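Student:
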Amino acid sequence: MKLIIGSDHGGFILKEKIKEHLASKGYDVADEGTYSLDSCDYPVIAEKVCAKVLEDNQNLGILVCGTGIGMSIYANKVKGIRASHCTDTFSARLTRQHNDSNILCLGERITGVGLALDIVDEWLNASFEGGRHQKRVDMINKLDMERND
Ligand code: RB5
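Residues 69 to 217 (my numbering) are what the sequence shown spells out, left to right.
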């Protein structure tokens, strides 16, 4: 499993904190940018992270922007991505267990660092339960297959 992270300028500081936190736990995290506080466009970063996540179905991604919303809107338009914008640990756990979420979206201007790191831990430590949830995720995947863009 590879873990890929990215942010725009609005999420840069939180991205750096998350990287530091994950490094201290032994995770090897690939950083797709941005690399400074200079203004940039969140779709560009989201596109890069989504592409890397889709290289292997074990891969996971984290996207941070000011609200987490722009990143999640973009990521959820990419076939094969199930992005979850979370502001609490319960949703973070359940979206892995039930939705097989492969990208976590966070908002630096919404969620404080302490809670954001807990959300990241909860999301990474949970795993997809399959069973009755598989059928529902398959329905989402079918929608992707039917799209001809
Ligand atoms: C950047 O100002 C801001 O719009 C962006 O980080 C994000 O919140 C978009 O959804």
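Just so it is clear, CB atoms sit at the ideal spot from N, CA and C, and this is done for glycine as well. This one's a predicted model, so the numbers in the text were calculated from it and none came from an experiment.
1. From residue 158 to residue 107, what distance separates their C-alpha atoms?
2. Helix, strand or coil for residue 105? Go by DSSP, reduced to three states.
3. Could I get the ranges of all uninterrupted beta strand (DSSP E) runs contained in the region 121-153, with 3 residues as the minimum, in chain order?
4. DSSP three-state call for residue 99: helix, strand or coil?
5. What residues in its chain sit with their C-beta under 8 angstroms from that of residue 181, if we drop five residues either side in the sequence?
6. When we look at the beta-carbon of residue 69 and count the other beta-carbons within 10 Å, is it buried (16 or more) or exposed?
7. Are the CB atoms of residue 77 and residue 122 within a distance shorter than 9 angstroms?
8. Between which two residues does the beta strand (DSSP E) holding residue 175 run?
9. Can you tell which of 209, 189 and 198 has the C-alpha that lies nearest to the C-alpha of residue 95?
10. How about residue 104: is its C-beta nearer than 9 angstroms to some C-beta of chain D?
Tutor: From the atom records:
1. In the sequence shown, counting from the first residue as 1, residue 158 sits at position 90. In the sequence shown, counting from the first residue as 1, residue 107 sits at position 39. Cα-Cα distance, rounded: 32 angstroms.
2. For the purposes of this step, residue 105 is taken as the residue at position 37 of the sequence shown. The answer is coil: DSSP assigns residue 105 none of H, G, I, E or B.
3. 128-133 and 151-153
4. Within the sequence shown, numbered from 1, the residue matching residue 99 stands at position 31. Three-state result, residue 99: strand.
5. Here residue 181 is taken as the residue at index 113 of the sequence shown, counted from 1. Within the same chain, residue 181 has close Cβ partners 82 and 85.
6. In the sequence shown, the residue the question calls residue 69 occupies position 1. Residue 69 should be labelled exposed.
7. The residue labelled residue 122 in the question sits at position 54 within the sequence shown. The residue labelled residue 77 in the question sits at position 9 within the sequence shown. In this structure, residue 77 does not lie closer than 9 angstroms to residue 122 by Cβ.
8. Here residue 175 corresponds to residue number 107 of the sequence shown, with the count starting at 1. From DSSP, the beta strand (DSSP E) with residue 175 extends over 171-175.
9. Position 27 of the sequence shown, counted from the first residue, corresponds to residue 95. Residue 189 is the option with its Cα nearest to residue 95.
10. The chain inventory of the structure shown lacks chain D, comprising one protein chain alone.
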